[in-house]
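Have a look at the structure below, then the notes.
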Amino acid sequence: MSTTAELLKGAAELFPGEVVTSAHVRHFDLPLGAGRFALITLDNGHDHTKPTTLGPQSLANIDAALDQVEKEAATGDIVGVGVTGKPFIFAVGADLKGVELLKRHEDALAIGKGGHDVLKRLANLAVPSFAYYNGAAMGGGVEIGLHCTYRTVSAALPAFSLPEVFLGLVPGWGGCTLLPNLIGADKAVSVIIENSLNQNKQLKGKQVFELGIADAIFEGADFLEQSLLWTASVLKGEITVERPLIDRGEAWDQAVAKGRFIADGKVHGAAPAAYRALDIIATAKNGDLQQGYDAEDQALADLIMGGELRSGIYAFNLVQKRAKRPAGAPDKSLARPVTKVGVVGAGLMASQLALLFLRRLEVPVVLTDIDQERVDKGVGYVHAEIDKLLGKGRINQDKANRLKALVTGVLDKAEGFADADFVIEAVFEEMSVKQKVFAEVEAVAPTHAILATNTSSLSVSEMASKLKHPERVVGFHFFNPVAILPLLEIVRGEQTDEASLATAFGVAKKLKKTAVLVKDAPAFVVNRILTRFMGEIQNVIDEGTPVPVAEKAVEPLGLPMSPLVLLELVGPAIGLHVSETLNRAFPERFTVSPNLKAVVEAGKRGFYVYDSGKPELDPEVAALLKQGDTVLTEDQVRDRVLDAVAQEIGLMLDEGVVAEAQDIDLCLITGAGWPFHLGGITPYLDREGVSERVNGERFLEAGVASVPA
Numbered sequence: 023m024s025t026t027a028e029l030l031k032g033a034a035e036l037f038p039g040e041v042v043t044s045a046h047v048r049h050f051d052l053p054l055g056a057g058r059f060a061l062i063t064l065d066n067g068h069d070h071t072k073p074t075t076l077g078p079q080s081l082a083n084i085d086a087a088l089d090q091v092e093k094e095a096a097t098g099d100i101v102g103v104g105v106t107g108k109p110f111i112f113a114v115g116a117d118l119k120g121v122e123l124l125k126r127h128e129d130a131l132a133i134g135k136g137g138h139d140v141l142k143r144l145a146n147l148a149v150p151s152f153a154y155y156n157g158a159a160m161g162g163g164v165e166i167g168l169h170c171t172y173r174t175v176s177a178a179l180p181a182f183s184l185p186e187v188f189l190g191l192v193p194g195w196g197g198c199t200l201l202p203n204l205i206g207a208d209k210a211v212s213v214i215i216e217n218s219l220n221q222n223k224q225l226k227g228k229q230v231f232e233l234g235i236a237d238a239i240f241e242g243a244d245f246l247e248q249s250l251l252w253t254a255s256v257l258k259g260e261i262t263v264e265r266p267l268i269d270r271g272e273a274w275d276q277a278v279a280k281g282r283f284i285a286d287g288k289v290h291g292a293a294p295a296a297y298r299a300l301d302i303i304a305t306a307k308n309g310d311l312q313q314g315y316d317a318e319d320q321a322l323a324d325l326i327m328g329g330e331l332r333s334g335i336y337a338f339n340l341v342q343k344r345a346k347r348p349a350g351a352p353d354k355s356l357a358r359p360v361t362k363v364g365v366v367g368a369g370l371m372a373s374q375l376a377l378l379f380l381r382r383l384e385v386p387v388v389l390t391d392i393d394q395e396r397v398d399k400g401v402g403y404v405h406a407e408i409d410k411l412l413g414k415g416r417i418n419q420d421k422a423n424r425l426k427a428l429v430t431g432v433l434d435k436a437e438g439f440a441d442a443d444f445v446i447e448a449v450f451e452e453m454s455v456k457q458k459v460f461a462e463v464e465a466v467a468p469t470h471a472i473l474a475t476n477t478s479s480l481s482v483s484e485m486a487s488k489l490k491h492p493e494r495v496v497g498f499h500f501f502n503p504v505a506i507l508p509l510l511e512i513v514r515g516e517q518t519d520e521a522s523l524a525t526a527f528g529v530a531k532k533l534k535k536t537a538v539l540v541k542d543a544p545a546f547v548v549n550r551i552l553t554r555f556m557g558e559i560q561n562v563i564d565e566g567t568p569v570p571v572a573e574k575a576v577e578p579l580g581l582p583m584s585p586l587v588l589l590e591l592v593g594p595a596i597g598l599h600v601s602e603t604l605n606r607a608f609p610e611r612f613t614v615s616p617n618l619k620a621v622v623e624a625g626k627r628g629f630y631v632y633d634s635g636k637p638e639l640d641p642e643v644a645a646l647l648k649q650g651d652t653v654l655t656e657d658q659v660r661d662r663v664l665d666a667v668a669q670e671i672g673l674m675l676d677e678g679v680v681a682e683a684q685d686i687d688l689c690l691i692t693g694a695g696w697p698f699h700l701g702g703i704t705p706y707l708d709r710e711g712v713s714e715r716v717n718g719e720r721f722l723e724a725g726v727a728s729v730p731a
């Protein structure tokens with residue numbers, strides 16, 4: 023049997039680039055004469071912008087600190103042991119860069135076992151142990167605290183989570199076993215499964231306390247001081263921590279069943295992590311901790327050696343790193359300042375854009391439209407949304423008044439845009455309408471002003487072609503709902519100059535959007551892929567495959583919603599319009615479905631009705647459908663759809679629509695909500711063998727988003 027030290031030494035050798043966390047031990051006398059205390063501080067030597075992580079050498083350092091305090095506890099030299107973090111950070115879990123490097127199941131098993139062996143020691147000391155969650159705590163950081171006897175949390179703590187399931191792992195250093203035994207299975211399922219699958223939702227300090235994860239909560243300013251005072255009171259017996267009895271009966275089974283229902287709704291059985299976590303939570307019902315830890319080790323090793331986790335880490339890196347350094351973006355020093363924004367249009371999309379520019383840039387924003395009623399409605403929408411933020415306590419009255427004063431509406435573009443630096447149009451998706459709008463804006467806006475279009479599928483170059491200064495036109499394609507989806511496709515027209523492009527990227531950054539540079543090609547990235555995807559579903563329905571079979575065929579991808587529910591969200595008329603645009607550009611691959619046309623002409627908002635609470639095919643739509651007699655199986659439909667998507671992505675990369683396959687994945691994750699466990703789409707196509715079947719090669723090199731050979 024390898025010792026913990028040997029396990030960690032072996033793992034450290036596999037991961038030479040680890041940012042190592044130290045575990046400093048210092049001693050002092052507690053207040054109230056409670057006795058001598060040892061405090062372990064986790065610190066990687068960097069400021070809060072580089073959060074503390076737990077790689078193998080970091081765990082070895084914690085192990086060594088525990089060697090010291092264990093002896094002191096055994097000899098009665100100390101009355102307790104505390105663990106805290108550097109300013110603003112407790113610890114954010116295992117270092118994923120190390121996980122990516124693992125090639126063998128036994129090495130993956132060593133990571134799980136090594137973590138357990140170290141952290142279990144906190145629970146087995148001869149004196150009580152205390153975790154002081156002073157700042158961000160995630161994954162393994164949260165689990166350090168779960169092994170302690172007591173926990174306190176800072177009211178200022180901004181982010182606390184067990185995000186493993188989101189990435190394709192399980193909380194494997196005690197999370198799945200200890201949390202349900204501490205707060206009950208139902209609350210644990212919410213934290214481990216529901217929050218994770220809900221785009222990695224974070225808890226704040228107050229929620230950590232209310233859930234019963236922490237025993238006490240203190241203000242951030244003197245958090246450690248107050249925690250130590252509380253610790254002294256606990257050790258002296260002046261404070262007794264009462265914890266609720268855990269229901270180990272039917273409530274536990276119901277919580278696990280609820281978790282399975284949530285997982286089915288989110289990933290449809292397509293990603294194993296949530297189900298493995300739920301199996302361990304189910305096992306933990308008997309309170310046998312070691313059995314739970316062994317199950318965690320096994321699950322961790324299996325998942326580390328699986329494709330979903332590698333795709334999850336790849337997706338995480340895209341969103342955290344690539345998104346911050348967009349490929350092909352010009353030098354930011356070329357960007358011009360934006361001190362006033364104009365919005366052409368005052369409909370829902372234009373009003374959402376006005377609100378976003380107003381909140382993020384905090385500069386004057388002016389809307390225009392064809393009549394006063396529309397203008398008033400647009401400004402009214404923005405005011406109402408600011409009032410909602412005020413009502414929720416997200417902004418104070420002073421800020422609300424200031425923001426409202428910055429947004430205005432006028433009919434006269436000359437009056438509104440004469441001193442604007444950035445004007446974006448969100449008018450009807452028709453080339454002649456957009457060209458007319460840009461001609462009007464160019465006549466009145468300053469010569470340096472950027473003219474941006476929120477077109478979803480039309481040519482930016484053609485839109486700019488009749489202007490005196492086409493070099494300042496740029497595509498600025500947002501996704502609906504604007505406040506939620508992070509993606510912004512920035513489209514470079516044939517004549518767009520570097521300064522205009524740099525300004526567009528600068529604005530995108532201030533808007534806190536994920537900007538991806540795309541070529542001026544029909545429907546850009548997301549809409550082109552989704553239209554090909556949806557088009558193939560529509561084709562098999564038109565040819566004769568029943569609607570439920572076509573819909574169910576793509577469930578194994580674990581997409582956020584089925585294709586026809588997505589069509590309903592986008593709007594059948596917009597879906598039809600984009601398919602017509604792409605059919606004109608690429609008639610051999612993009613079809614215009616006669617059935618979709620009939621649905622739009624009948625004024626239907628979608629294929630389904632929800633009378634029973636569940637989507638059911640609308641009888642009126644069913645009556646409109648004219649189908650052939652070619653009926654495919656789910657597997658055949660899925661192959662057709664994936665082959666079409668792989669072909670389209672291959673062609674887009676050949677055309678240079680984006681720099682690399684990574685940008686396609688980043689677009690689908692941030693613009694269409696495609697799951698992390700797919701890594702967007704290209705890792706999935708590689709993993710399923712579709713890329714090679716269709717294009718003769720993988721999109722990504724082996725070892726990128728997959729287990730290294």
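In terms of our numbering, the sequence shown opens at residue 23 and continues consecutively.
Ideal Cβ placement from N, Cα and C applies to all residues, glycine included.
Owing to the predicted nature of the structure, the values given are computational and were not obtained by experimental measurement.
* Rounded to whole angstroms, what's the CA-CA distance from PHE608 to ASP676? Just pull it up for me. => Position 586 of the sequence shown, counting from 1, holds the residue named residue 608. Position 654 of the sequence shown, counting from 1, holds the residue named residue 676. If I take the Cα positions, the gap works out to 15 angstroms.
* To do: Could you tell me if GLY718 is buried or exposed, where buried requires 16 or more neighbouring beta carbons within 10 angstroms of its beta carbon?
  => Within the sequence shown, the letter at position 696 stands for residue 718. The residue in question, GLY718, is exposed, as its Cβ has fewer than 16 Cβ neighbours within 10 Å.
* Presumed contact (8 angstroms Cβ cut-off) between GLY167 and TYR155, rounded CB distance -> If you number the sequence shown from 1, residue 167 lands on position 145. If you number the sequence shown from 1, residue 155 lands on position 133. So it is a contact: roughly 6 angstroms between Cβ atoms.
* Separation of GLU516 from ARG611, as counted between CA atoms -> Translated into positions along the sequence shown, residue 611 becomes position 589. Translated into positions along the sequence shown, residue 516 becomes position 494. Rounded to whole angstroms, ARG611 to GLU516 spans 25 angstroms at the Cα level.
* Asked: At a cut-off of 8 angstroms, is TYR154 close to the ligand ZN when judged by its beta-carbon and the heavy atoms of the ligand?
  -> No copy of the ligand ZN occurs in the structure displayed, which carries no ligand at all.
* **Residue from LEU377, LYS535 and GLU462 whose Cα sits closest to the Cα of PHE498** => Looking up residue 498 in the sequence shown gives position 476. Per the Cα distances, LYS535.
* **For MET160: DSSP bridge partner residues** => Position 138 of the sequence shown, counted from the start, is the residue given in the question as residue 160. According to DSSP, which records beta bridges pairwise, MET160 is partnered with SER183.
* Residues that DSSP places opposite TYR172 in a beta bridge -> Here residue 172 corresponds to residue number 150 of the sequence shown, with the count starting at 1. TYR172 is bridged to PHE152.
* To do: Assign HIS499 to one of three DSSP states: helix, strand, or coil.
  => Taking the sequence shown and counting its residues from 1, one reaches residue 499 at position 477. HIS499: strand per DSSP, three-state reduction.
* **Residues near GLU642 by beta carbon distance below 8 angstroms, same chain, minus five either side** => Here residue 642 corresponds to residue number 620 of the sequence shown, with the count starting at 1. Counting only Cβ-Cβ distances below 8 angstroms, and skipping sequence neighbours, we find ALA624 and LYS626.
* Residue range of the alpha helix (DSSP H) that LYS456 falls in? -> Here residue 456 refers to the residue found at position 434 when the sequence shown is read from its first residue. Per DSSP, LYS456 belongs to the alpha helix (DSSP H) from 453 to 466.
* **Beta-carbon contacts of LYS541 that lie in its chain and below 8 angstroms, excluding the five residues immediately before and after** => On the sequence shown, position 519 is the one that residue 541 refers to. If we look at LYS541 and ignore the five residues flanking it on each side, its Cβ neighbours are VAL513, ARG514, GLU677, GLY678, VAL679 and VAL680.
* Kindly confirm or deny that the stretch 204 to 213 and the stretch 132 to 146 touch, where touching means at least three C-beta pairs closer than 8 angstroms. => no
* To do: Return helix, strand or coil for GLY206, following the three-state DSSP convention.
  => Mapped onto the sequence shown, residue 206 falls at position 184. If DSSP states are grouped into helix, strand and coil, GLY206 belongs with coil.
* **Opening and closing residue of the alpha helix (DSSP H) in which LEU131 lies** => Position 109 of the sequence shown, counting from 1, holds the residue named residue 131. Counting along the chain, the alpha helix (DSSP H) containing LEU131 begins and ends at 127 to 145.
* Where DSSP assigns a beta bridge to HIS46, which residues make up the other side? -> As a working mapping, residue 46 is identified with position 24 in the sequence shown. THR63, per the DSSP bridge assignment.
* Asked: Using a Cβ-Cβ cut-off of 8 angstroms (strictly less than) and excluding sequence neighbours within five positions of LEU428, which residues of its own chain qualify?
  -> Position 406 of the sequence shown, counted from the first residue, corresponds to residue 428. LEU380, GLU384, VAL385, PRO386 and VAL387, listed in sequence order.
* Grab the span of the alpha helix (DSSP H) containing THR692 for me, first residue to last. => For this step, residue 692 is matched to residue 670 along the sequence shown. Segment 683 to 694, the alpha helix (DSSP H) holding THR692.
* Asked: Cβ atoms of ALA96 and ALA27: under 9 angstroms apart, would you say?
  -> Numbered from 1 along the sequence shown, position 5 holds the residue referred to as residue 27. Numbered from 1 along the sequence shown, position 74 holds the residue referred to as residue 96. Their beta carbons are not under 9 angstroms apart, which means ALA27 does not touch ALA96 by this criterion.
* Asked: Ordered along the chain, which non-local residues of its own chain (more than five positions away) have a Cβ less than 6 angstroms from that of LEU589?
  -> Looking up residue 589 in the sequence shown gives position 567. Cβ within range, chain order: GLY597.
* What is the DSSP secondary structure of ARG514, counted as helix, strand or coil? -> Translated into positions along the sequence shown, residue 514 becomes position 492. Three-state result, ARG514: strand.
* Cβ of TRP460 within 9 angstroms of Cβ of THR477? -> Numbered from its first residue, the sequence shown carries residue 460 at position 438. Numbered from its first residue, the sequence shown carries residue 477 at position 455. Correcting the residue identity first, residue 460 is Phe in this sequence and not Trp. In this structure, THR477 does not lie closer than 9 angstroms to PHE460 by Cβ.
* To do: Have a look at GLY67 and PRO73 and give me their C-alpha separation to the nearest angstrom.
  => Here residue 67 refers to the residue found at position 45 of the sequence shown. Here residue 73 refers to the residue found at position 51 of the sequence shown. Cα-Cα distance, rounded: 10 angstroms.
* Residue from ASP208, THR253, HIS470 and LEU552 with nearest C-alpha to VAL149 -> The residue given as residue 149 occupies position 127 in the sequence shown. For VAL149, the nearest C-alpha among the options comes from THR253.
* Close Cβ partners of PRO637 (< 7 angstroms) along its chain, the five nearest in sequence each way excluded -> By one-based count along the sequence shown, residue 637 stands at place 615. So the qualifying residues of the chain are VAL587 and TYR630.
* PHE450: buried (16+ other C-beta within 10 angstroms of its C-beta) or exposed? -> Mapped onto the sequence shown, residue 450 falls at position 428. It is exposed - the Cβ of PHE450 has fewer than 16 other Cβ atoms within 10 Å.
* **Cβ-Cβ distance between VAL341 and LEU618 below 9 angstroms** => Start at 1 with the first residue of the sequence shown, and residue 341 comes out as number 319. Start at 1 with the first residue of the sequence shown, and residue 618 comes out as number 596. Taking 9 angstroms as the Cβ cut-off, VAL341 and LEU618 do not qualify as a contacting pair.
* To do: Find out if the Cβ-Cβ distance for the pair VAL529, VAL445 is shorter than 9 angstroms.
  => Locating residue 529 in the sequence shown gives position 507, counting from the first residue. Locating residue 445 in the sequence shown gives position 423, counting from the first residue. No. Outside cutoff.
* Asked: For LYS280, which residues of its own chain have a beta-carbon under 8 angstroms away from its beta-carbon, when the five flanking residues on both sides are left out?
  -> Within the sequence shown, residue 280 is the residue found at index 258, counting from 1. Excluding residues within five positions, the ones whose Cβ falls inside 8 angstroms are ASP208 and VAL211.
* Asked: Is the CB-CB distance between LEU189 and LYS288 below 9 angstroms?
  -> If you number the sequence shown from 1, residue 189 lands on position 167. If you number the sequence shown from 1, residue 288 lands on position 266. No, the pair does not count as a contact, with Cβ atoms beyond the cut-off.
* Asked: In chain order, which beta strand (DSSP E) runs of at least 3 residues are fully inside the stretch 511 to 577?
  -> 536 to 541
* Go ahead and pull the three-state DSSP assignment for LEU647. => Locating residue 647 in the sequence shown gives position 625, where the first residue counts as 1. The answer is coil: DSSP assigns LEU647 none of H, G, I, E or B.
* Exposure of PRO294, with buried meaning 16 or more beta-carbon neighbours within 10 Å -> Counting from one through the sequence shown, the residue named residue 294 turns up at place 272. With 16 or more Cβ atoms within 10 Å of its Cβ, PRO294 is classed as buried.
* Could you check how far apart the C-beta atoms of ILE268 and ASN203 are, in whole angstroms? I think they sit under 8 angstroms. => Here residue 268 corresponds to residue number 246 of the sequence shown, with the count starting at 1. Here residue 203 corresponds to residue number 181 of the sequence shown, with the count starting at 1. With a Cβ gap of about 6 angstroms, ILE268 and ASN203 count as contacting.
* Asked: Under the three-state reduction of DSSP, which class applies to THR430: helix, strand or coil?
  -> The sequence position of residue 430 within the sequence shown is 408, counting from 1. DSSP places THR430 in strand when its eight states are reduced to three.
* Assuming LEU433 and VAL397 make a contact with CB atoms under 8 angstroms, what is their CB distance in whole Å? -> On the sequence shown, residue 433 is found 411 positions in, with the first residue counted as 1. On the sequence shown, residue 397 is found 375 positions in, with the first residue counted as 1. Yes, they are in contact, since the Cβ atoms of LEU433 and VAL397 sit about 6 angstroms apart, within 8 angstroms.
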